[in-house]
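Right, one structure below, let's go through it.
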Amino acid sequence: MRFWDTSAVVPLCVREPASPAARRLLAPDPAMATWWATRTECVSALARRRRERGLTGGGEERARRVLEVLAAAWSEILPSEALRDRAERLLAVHPVRAGDAFQLAAALVWTHGRTRGRAFVCLDERLREAARREGFRILPA
Numbered sequence: 003m004r005f006w007d008t009s010a011v012v013p014l015c016v017r018e019p020a021s022p023a024a025r026r027l028l029a030p031d032p033a034m035a036t037w038w039a040t041r042t043e044c045v046s047a048l049a050r051r052r053r054e055r056g057l058t059g060g061g062e063e064r065a066r067r068v069l070e071v072l073a074a075a076w077s078e079i080l081p082s083e084a085l086r087d088r089a090e091r092l093l094a095v096h097p098v099r100a101g102d103a104f105q106l107a108a109a110l111v112w113t114h115g116r117t118r119g120r121a122f123v124c125l126d127e128r129l130r131e132a133a134r135r136e137g138f139r140i141l142p143a
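Here's what the structure looks like:
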């Protein structure tokens, strides 16, 4: 099982340059762990693409169906006070935004703080660096 950030989930739902790499990562290990808000963040990204004319209404509908299949199978890390506290600590240590701090805090909760050898799938450079500094193995490499 790997932790998947929203930035890596969206390419599984819509065709974009990162899609082949994301699919290659998912194929051998389809078990996904995600933050509780990942599905909503993906819906936001899909709606933004439609508004910006990068995705048709039908394309958005197909992408949302793919998202629903993925979300039905993944494991979600739920919000908690401990997770919020961890996210706030991460904000003091890493140059990430609040949403990314929640993603990384969720990954840390998922690993019980034992990140060595655990994979963090992410396409956002700032979040990748923060996760690397927290000890995760970053994918795609």
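The numbering used here applies: residue 3 is where the sequence shown begins, and numbers increase by one.
Just so you know, even glycine gets a beta-carbon here, dropped at the ideal spot from N, CA and C.
List the endpoints of the continuous beta strand (DSSP E) containing residue i.
| i | result |
| --- | --- |
| residue 6 | 4-6 |
| residue 123 | 121-123 |
| residue 78 | 77-79 |
| residue 139 | 139-141 |
Secondary structure at residue i, three-state DSSP: helix, strand or coil?
| i | result |
| --- | --- |
| residue 35 | strand |
| residue 67 | helix |
| residue 41 | helix |
| residue 115 | coil |
| residue 61 | helix |
For residue i, would you say it is in contact with chain C, using Cβ-to-Cβ distances shorter than 7 angstroms as the test?
| i | result |
| --- | --- |
| residue 10 | Looking at the structure shown, chain C is missing, and only one protein chain is on hand. |
Are the beta-carbon atoms belonging to residue i and residue j less than 7 angstroms from one another?
| i | j | result |
| --- | --- | --- |
| residue 129 | residue 27 | no |
| residue 47 | residue 112 | no |
| residue 39 | residue 79 | no |
| residue 104 | residue 37 | yes |
| residue 9 | residue 110 | no |
| residue 133 | residue 122 | yes |
| residue 44 | residue 71 | no |
| residue 31 | residue 4 | yes |
Could you please give the first and the last residue of the uninterrupted alpha helix (DSSP H) stretch that includes residue i?
| i | result |
| --- | --- |
| residue 86 | 83-95 |
| residue 28 | 21-28 |
| residue 131 | 127-135 |
Rounded C-beta distance between residue i and residue j? I'm assuming under 8 angstroms.
| i | j | result |
| --- | --- | --- |
| residue 24 | residue 14 | 5 angstroms |
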